[in-house]
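Notes follow the structure.
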Amino acid sequence: MSIYVRVQSEDFDLAAEYQRLAQNHHCGAVVTFTGLVRDFAEGGLCGLELEHYPGMTEKALTAIAEEAGERWNLKGVTVIHRVGYLALNEQIVMVAVASGHRQAAFSGASFIMDYLKTQAPFWKKEHTESGEHWVEAKESDQQAAKQWSQQQ
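Quick note: the sequence shown uses the working numbering, first residue 6, plus one each step.
Structure, rendered in structure tokens:
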């Protein structure tokens with residue numbers, strides 16, 4: 006299995022990343038997920054600022070990708086996560102998973118995203134019209150990740 010992990014401030018090219026991952030001749034499916042910076046339902050968000058601990062973050066992302074690969078016999082995984090200041094509608098994360106079959110690709114991608122939200126060492130600050138503040142982990146994200154430990 007090939008694993009490709011990057012943490013970067015610059016944007017990424019989804020089509021190029023897809024093409025790189027889809028080159029594996031044993032793949033029957035590639036699932037991609039791209040997360041965007043979105044406004045609150047009530048509005049007021051100006052952007053997000055993400056910080057990480059270099060070295061530790063990439064190691065954690067690689068471990069998450071390896072676990073997904075083992076569970077679903079994946080052929081390749083790409084995880085790209087951006088850091089720094091991101092404005093509304095900018096790409097923040099990409100997860101792409103290649104496998105022999107679609108269900109494994111969907112499950113692997115969902116698992117990786119759920120674990121990124123709860124296990125990856127990123128710190129997020131919201132910049133709003135009324136100021137800025139650090140974001141706490143959401144209970145819904147914890148519950149989503151917890152489902153995978155019950156499916157082992």
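Note that beta-carbon positions come from the ideal geometry of N, C-alpha and C, so glycine has one too.
Which residues in the same chain have their Cβ closer than 8 angstroms to the Cβ of residue i, if we skip the five residues on either side of it in sequence?
i: Asn-29; result: Ser-7, Lys-80, Gly-81, Ala-103
i: Asp-16; result: Arg-87, Glu-95, Gln-96
i: Ser-135; result: Gly-49
i: Leu-93; result: Val-42, Arg-43, Asp-44, Leu-50, Cys-51, Gly-52
Inspect the beta-carbon positions of residue i and residue j and report whether they are closer than 8 angstroms.
i: Glu-22; j: Ala-149; result: no
i: Ala-27; j: His-106; result: no
i: Val-36; j: Leu-53; result: no
i: Gln-152; j: Thr-123; result: no
i: Ser-14; j: Gly-60; result: no
From residue i to residue j, what distance separates their C-alpha atoms?
i: His-132; j: His-31; result: 44 angstroms
i: Gln-158; j: Ala-142; result: This structure leaves residue 158 out entirely; the chain is present only between 6 and 157.
i: Gln-5; j: Phe-38; result: Residue coverage of the chain in this structure runs from 6 to 157, which leaves residue 5 outside it and unanswerable.
i: Asn-78; j: Glu-72; result: 10 angstroms
i: Glu-144; j: Gly-74; result: 26 angstroms
i: Ala-68; j: Arg-76; result: 12 angstroms
i: Thr-139; j: Leu-91; result: For the record, residue 139 in the displayed sequence is Trp; it is not Thr. Taking the straight line from one Cα to the other gives about 15 angstroms.
i: Leu-19; j: Val-12; result: 15 angstroms
i: Arg-25; j: Glu-47; result: 39 angstroms
For residue i, collect the residues of the same chain with a Cβ closer than 7 angstroms to its Cβ; drop the 5 residues on either side in sequence, then sort them by chain order.
i: Val-84; result: Val-10, Leu-66, Ala-70, Val-100, Ile-117
i: Tyr-120; result: Ile-69, Ala-150
Since residue i and residue j are thought to touch, with beta carbons under 8 angstroms apart, how far apart are those beta carbons, to the nearest angstrom?
i: Ala-125; j: Thr-62; result: 7 angstroms
i: Phe-111; j: Leu-55; result: Between Leu-55 and Phe-111 the Cβ distance is about 26 angstroms, and since that is not below 8 angstroms, they are no contact.
Does any residue of chain B have a CB that is nearer than 8 angstroms to the CB of residue i?
i: Ala-46; result: Of the protein chains in the structure, only one exists, and it is not chain B.
Go through its chain and collect everything with a Cβ distance to residue i's Cβ below 6 angstroms, but skip five positions before and after it.
i: Glu-204; result: Outside the modelled stretch of the chain, which goes from 6 to 157, sits residue 204, for which no answer is possible.
i: Val-98; result: Gly-40, His-86
i: Tyr-58; result: Pro-126
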